[in-house]
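Structure first, then comments.
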Amino acid sequence: MNPWLMSLLLYVFLAMFAGTIADRYWILRAGEPDMRWDRIGLRLRNLLTIGFGQKRLLYEKAAGRMHVAIFSGFLVALLRTLTLIGRGYDPQYHLPFLVGPVGVAYAFLKDTLTLVVLVAVGYAVYRRLVLRPRRLHLSAEAVLILFWIATLMITDLIGDAALFRLQPDFPERTGAWVGNLLTGMFAGSDPATVRVWFEIMFWGHVILVLAFLNVLPFGKHFHVLTALPSVFMGRLTPSAALERMEFEGRETFGVGKLEDFSWRRILDMYSCTECGRCNDACPAHLTDKPLRPREIITDARDQAYELSDHLVAVGKLKAQGRVKEAAELIAAQDRPALVGEVNSEDALWACTTCGWCVSACPVVIDHIPHIIDQRRHLTMMEAKVPPALQNALKGLENNSNPWNVGAAAREDWIGDQPVPLLREKGRAEYLLFVGCAGSFDSRNQDVMRALCTLLDKAQVDYAVLGTEEGCCGDPARRVGHEYLFQMQAPVNVETFKKYEVRKVVTACPHCFNTIANEYPDFGLQDVEVIHHGELLADLVAEGRLKVGAAAAAKVTYHDSCYLGRHNGIYEAPREVLSAVGGLDLVEMPRNRRAGFCCGAGGGRMFMEEDLGTRINHARIAEAAATGASEVCTACPFCLTMLGDAINETDRSENLRARDIAEVLLENLE
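Residue numbers (my numbering): 104 to 772.
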């Protein structure tokens, strides 16, 4: 071949690539530190299943299989590319482990997958140009890349065909069945002509590969290089658990500029495939709010690229420990505001933190912290929150509840019911954490009284904190008031320790998530947190609650996002309902992992919803379409939102909303 030409191509293209990647690296270094090297075993497992195994892509079968085919073909073709580069120096070169029978088997696999890739590319082009799913951008870049991939596959096959015509005894020919079949296209051609074809295919393929490598960092296909590192360094904590913010020594809180993001969040920006799965799943987007989870990521990424020279300089200063100089450079940079201009305030406040975007993302981009960090900036740095939220925050600060009811009234819901108080009882097997909704919202007070009756009938040893209970902190944390959350959480933790609490049961998934997944950062250890749906299912299974039969009725169950998608509890509430004879449990189309939000999460329970269609209206329409007479849930926020939607859409004659505890209590023997 031509060693000089191969060396020149490698030097030029790899030098350009190295320069681009260096810039991208320094942009990462402009972000804040973030430790992502813990629990290596679990990270490797995620890399294998989500990264190489493409697990999340396969949730959408046709598009997923298409992508898996192209990805698999690329992995196999990578070895082929290395072989071809070697043949630029030695025409007979083979990778040491691809000789003999192994080399023949590889050639067979490579040719087979090459055809599969071509079919997959054809489907991808058809899908983009003809089917045109709403979530996909019709971009010239995407179509160009698809044709680029197809050309790479074709040049490889035709190059093989020409090689086999020139060297019929070439070792891998017996395995390369497609290339072997294509040798017929050179029938009657003289060796010189075949040689020209081979040279064109060979060098064309090499140049296309090297050029492709240099194109990747400048568009959405950068994810080809960053997706696997992104998966490896993804979050290992539950999806709704937010990271603790340290306040000591900080002058700014939250994210107001790109440099405030951690480097891991910037890697998210690099890794976005722009597939739109997050938008397609987002309840805010689907009800015509301005939030587009994909654009939250890509618009920030686009600003990072526009500020590339500045961020590279900042990254180099931070890497050298020259933090003060970096801060001065950041302060002097004139740019559109990340919060308010790049990402609009309405978009940031529209998020319900339901987690659908995170669950749907094939490269584990963590959209929620991106949004919450910017809310933190709005709340703690600019004191800009929606007007309706101000009363909730005032209530949290003054009375430790977002209803802003006097803290002394926290145990008034008990009334004459013999609910044990922990301050009087001293110890109990279970602490029943009532939560603010159960304490102050009249509808959810009914649920709490029903739950206590069930626990009494099952002879469960439990008690409540009464006025010693404070808000778990979920509303404050989700709207970005991290400082207020960090005032609330330690108080509850110390109360738990005071009474040596070992088991907490709660009917609120938001309390459940906060206590189970976030309180450990504040010293809560060795405490089991149980949702009331789990406890009730166990009590029924153990025979401690005897369930009778209800009048024949059709019911449907609404999955709370914080119970289901965020914490994986799907079956226990359904088991409670299924235990009641006569009830026909029917599922809504969007259920379990694909469940649709009620609209209350992320602090939205305490904000007005004046843009687009109300999320709870969309959900109750889906529930009503099942023909059910009851929509059941296991979350106080969901119960409130669904009940409101029933009344607001004039469905109260045919549909009602109830908690699973109420249904169970009504149907005990």
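All C-beta atoms in this analysis are idealised placements derived from N, C-alpha and C, irrespective of residue type, glycine included.
Any idea what DSSP makes of residue i, helix, strand or coil?
{"i": "residue 633", "result": "strand"}
{"i": "residue 503", "result": "coil"}
{"i": "residue 215", "result": "helix"}
{"i": "residue 383", "result": "helix"}
{"i": "residue 362", "result": "helix"}
{"i": "residue 209", "result": "helix"}
{"i": "residue 729", "result": "coil"}
{"i": "residue 736", "result": "strand"}
{"i": "residue 201", "result": "coil"}
{"i": "residue 624", "result": "helix"}
{"i": "residue 415", "result": "helix"}
{"i": "residue 609", "result": "strand"}
{"i": "residue 258", "result": "helix"}
{"i": "residue 446", "result": "strand"}
{"i": "residue 123", "result": "helix"}
{"i": "residue 351", "result": "coil"}
{"i": "residue 654", "result": "strand"}
{"i": "residue 536", "result": "strand"}
{"i": "residue 488", "result": "coil"}
{"i": "residue 659", "result": "strand"}
{"i": "residue 239", "result": "coil"}
{"i": "residue 318", "result": "helix"}
{"i": "residue 135", "result": "strand"}
{"i": "residue 425", "result": "coil"}
{"i": "residue 566", "result": "strand"}
{"i": "residue 762", "result": "strand"}
{"i": "residue 519", "result": "coil"}
Closest by CA to residue i, which one among the options?
{"i": "residue 739", "options": "685, 539, 298, 257", "result": "539"}
{"i": "residue 393", "options": "194, 712, 771, 729", "result": "712"}
{"i": "residue 412", "options": "284, 614, 767, 129", "result": "129"}
{"i": "residue 598", "options": "581, 572, 231", "result": "572"}
{"i": "residue 201", "options": "187, 192, 191", "result": "187"}
{"i": "residue 304", "options": "426, 642, 265, 588", "result": "265"}
{"i": "residue 591", "options": "256, 577, 582", "result": "577"}
{"i": "residue 337", "options": "366, 312, 314, 315", "result": "366"}
{"i": "residue 585", "options": "115, 382, 358, 199", "result": "358"}
{"i": "residue 280", "options": "319, 212, 311", "result": "212"}
{"i": "residue 414", "options": "132, 753, 759, 752", "result": "132"}
{"i": "residue 692", "options": "428, 716, 681, 662", "result": "662"}
{"i": "residue 214", "options": "185, 197, 235, 179", "result": "179"}
{"i": "residue 543", "options": "525, 743, 205, 748", "result": "743"}
{"i": "residue 351", "options": "589, 754, 709", "result": "589"}
{"i": "residue 566", "options": "149, 527, 290, 174", "result": "527"}
{"i": "residue 196", "options": "275, 114, 259, 119", "result": "275"}
Please classify residue i as buried or exposed, where buried requires at least 16 neighbouring CB atoms within 10 angstroms.
{"i": "residue 240", "result": "exposed"}
{"i": "residue 461", "result": "buried"}
{"i": "residue 492", "result": "buried"}
{"i": "residue 757", "result": "exposed"}
{"i": "residue 140", "result": "exposed"}
{"i": "residue 193", "result": "exposed"}
{"i": "residue 638", "result": "buried"}
{"i": "residue 340", "result": "exposed"}
{"i": "residue 517", "result": "buried"}
{"i": "residue 617", "result": "buried"}
{"i": "residue 300", "result": "buried"}
{"i": "residue 519", "result": "exposed"}
{"i": "residue 110", "result": "exposed"}
{"i": "residue 181", "result": "exposed"}
List the whole-angstrom C-beta distance separating residue i from residue j, where the pair is believed to meet the contact cut-off of C-beta under 8 Å.
{"i": "residue 656", "j": "residue 685", "result": "7 Å"}
{"i": "residue 667", "j": "residue 673", "result": "5 Å"}
{"i": "residue 441", "j": "residue 361", "result": "6 Å"}
{"i": "residue 286", "j": "residue 207", "result": "Their Cβ separation, rounded to whole angstroms, is 17 Å, which puts residue 286 and residue 207 out of contact at 8 Å."}
{"i": "residue 688", "j": "residue 723", "result": "Not really, about 18 Å apart at Cβ, beyond 8 Å."}
{"i": "residue 159", "j": "residue 575", "result": "The pair is not a contact, with the Cβ atoms about 30 Å apart (cut-off 8 Å)."}
{"i": "residue 664", "j": "residue 458", "result": "6 Å"}
{"i": "residue 676", "j": "residue 737", "result": "4 Å"}
{"i": "residue 333", "j": "residue 467", "result": "6 Å"}
Quick check: is the beta carbon of residue i nearer than 8 Å to any beta carbon in chain D?
{"i": "residue 622", "result": "Judged by its chain identifiers, the structure shown contains no chain D, having just a single protein chain."}
Pairs of beta-carbons, one from the region 529-545 and one from the region 593-612, closer than 8 Å: are there three or more? Here the region 529-545 lies against the region 593-612, with 3 or more beta-carbon pairs under 8 Å apart.
At a cut of 8 Å, does the region 447-464 reach the region 704-719 through at least three beta carbon pairs? Yes, the region 447-464 is in contact with the region 704-719.
Decide if the region 150-169 is in contact with the region 342-359; the criterion is three or more beta carbon pairs, one per stretch, under 8 Å apart. Short answer: they don't touch.
Check whether the region 111-131 touches the region 415-425, counting contact only when three or more Cβ pairs, one atom from each stretch, lie closer than 8 Å. Proximity of the region 111-131 to the region 415-425 meets the contact definition, three or more beta-carbon pairs being nearer than 8 Å.
So, does the region 305-324 touch the region 247-256, judging by three or more C-beta pairs under 8 Å? Between the region 305-324 and the region 247-256, the count of C-beta pairs closer than 8 Å reaches three or more; the two stretches touch.
Counting pairs of beta carbons, one from the region 749-764 and one from the region 548-559, are three or more of them closer than 8 Å? Contact holds: three or more Cβ-Cβ distances are below 8 Å.
Does the pairing of the region 218-229 with the region 164-172 give three or more beta-carbon distances under 8 Å? In short, these stretches touch, since the Cβ pair count reaches three.
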